[in-house]
Amino acid sequence: MFKNFIQKLQEDKYLTLETTPQHEPTMHNIIERIKKFDLQHRVDGFSTTDNPLAKLKYNALFASMKLQQEFNKPVIATMSMRDRNKIALQSDLLGANEFDVRTILALTGDPAKMSDQPHSKGVFESNSSMLLKIIKSFNYGMDIAGHPFKIEPKQIYPFAVTNAYARSFSSLQKKMHNKIQNGAIGIITQPIFEIDNAKKLLEIFNEAKEDVIGNKKKAQLIFGIFPITKLRTALFLSAQVPGIHVPQEWIDKLELANQISSEEEYKVGMQLSKDLFTSIKKLHPKIHLMTANKFDLADEILS
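Convert by adding 431 to the 1-based position in the sequence shown; the result is the number in my numbering.
Listed below in structure tokens is the structure:
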């Protein structure tokens, strides 16, 4: 399952769908909505988020295990540095390994001050590079302190993330390079909204790989796509989310449509999103689709 998944990433078209476990003790509703639109047969795998915005949700590792068992497709489990020190990270990886949760997205994580849990404190022993280094150690049969395991873990496949936009793309390139050097086989961008942005990211990613050696050269950039169907979403992302650039053209078209009707607003936003999806598939068909569990949007984008 995993070897075919990674081979598709490296050599073929590749598509994953993000899921966000909810503030409830079950993945049943998400699984049923995925089935409703038959999305399990239209993507190569899924991902699960890890308490985004520091809001309490169902655990990402257990969610990944549940989705894998249900659909027999690889699921990338997000693990953030916000909530665990290196002992807890390694312990979770060991337990997850036995249940074949072995594709891991390393994140630094959103600040604990954003949490809906009063007085929560972030751990942040380091950034996501530490988790990539831990996974590298596991793949060599030892923990981060250099102690060999009596039974070697099954191979773990690490992923990482990058901003989609920056004033200085050279800084993004350096971060990409470091993550590739630390073993990331796929780097997922934050949502992109224009093809020129995608071309620039692909350019600097290829430059970031120029002086790496061996299997590290097989690392791939994966474009994050988030369909926008409301003007207020475009305005929020543009103004409040660092590392994302929503072009003025999108905002202008959504603003005009908003003045006509909500139906027209949805229609215009969906067409912009579908056109982008089609353009990205032609440029570099490695895509991670994010819909905030609005699987009807995923269905329409993929139709």
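Even glycine gets a Cβ: it sits at the ideal position worked out from N, Cα and C.
- Counting C-beta pairs closer than 8 Å gives fewer than three between the stretch 629-636 and the stretch 656-676, which falls short of the contact rule.
- Looking from the CA of Gln-438, the closest CA among Leu-733, Ser-734, Lys-717 and Ala-729 belongs to Lys-717.
- The beta-bridge partner set that DSSP reports for Ser-710 is empty.
- Taking 8 Å as the cut-off, the beta carbon of Ile-659 is found no closer than this to the beta carbon of Gly-614.
- Taking C-beta separations shorter than 6 Å and ignoring five residues to either side along the sequence, the partners of Lys-504 in its chain run Gly-476, following chain order.
- In terms of Cβ geometry, Met-512 and Val-554 form a close pair [threshold 8 Å].
- Ala-597 has no beta-bridge partner at all, per DSSP.
- DSSP places Gln-621 in no alpha helix (DSSP H) but in the uninterrupted beta strand (DSSP E) bounded by 617-622.
- Annotated three-state conformation of Phe-530 is coil, per DSSP.
- Taking a cut-off of 8 Å on C-beta distances, the stretch 463-477 does not touch the stretch 516-532, as fewer than three cross pairs fall below it.
- Looking at the DSSP output, Gln-441 bridges to nothing.
- The Cβ atoms of Pro-622 and Asp-541 do not sit closer than 8 Å to each other.
- With a contact defined as Cβ atoms closer than 8 Å, Pro-456 and Thr-479 miss out at about 15 Å.
- Using a Cβ distance threshold of 8 Å, Leu-487 and Gln-586 do not count as a contacting pair.
- One alpha carbon belongs to Leu-733, the other to Ile-619, and they sit about 19 Å apart.
- When the Cα atoms are used, Asp-727 and Gly-655 turn out to be separated by approximately 18 Å.
- Using a Cβ distance threshold of 8 Å, Glu-556 and Lys-517 count as a contacting pair.
- Distance check between Leu-520 and each of Lys-564, Lys-552, Val-506 and Lys-605 places Lys-564 closest, using alpha-carbon atoms only.
- Secondary structure within the stretch 446-489: the alpha helix (DSSP H) runs of 4 or more consecutive residues, fully enclosed, are 459-467 (chain order).
- Distance from the CA atom of Glu-696 to the CA atom of Leu-662, rounded to whole angstroms, is 7 Å.
- For Lys-661, the three-state secondary structure derived from DSSP is coil.
- The Cβ-Cβ distance between Leu-538 and Ser-568 does not fall below 8 Å.
- In this structure, the straight-line span from the alpha carbon of Tyr-571 to that of Lys-581 is close to 12 Å.
- In this structure, Asp-523 sits near Leu-492, with a CB-CB distance shorter than 8 Å.
- Annotation: Gln-548 is outside any beta strand (DSSP E) and is labelled neither H nor E by DSSP.
- DSSP lists no bridge partner for Ser-522.
- Of the other Cβ atoms in all chains shown, 16 or more fall within 10 Å of the Cβ of Gly-617; this residue is therefore buried.
- Lys-717 has Tyr-445 as its beta-bridge partners, per DSSP.
- When only Cα atoms are considered, Ala-595 and Val-506 end up about 23 Å apart.
- Sequence-distant Cβ neighbours of Thr-664 in its own chain, meaning closer than 6 Å and more than five residues away, do not exist here.
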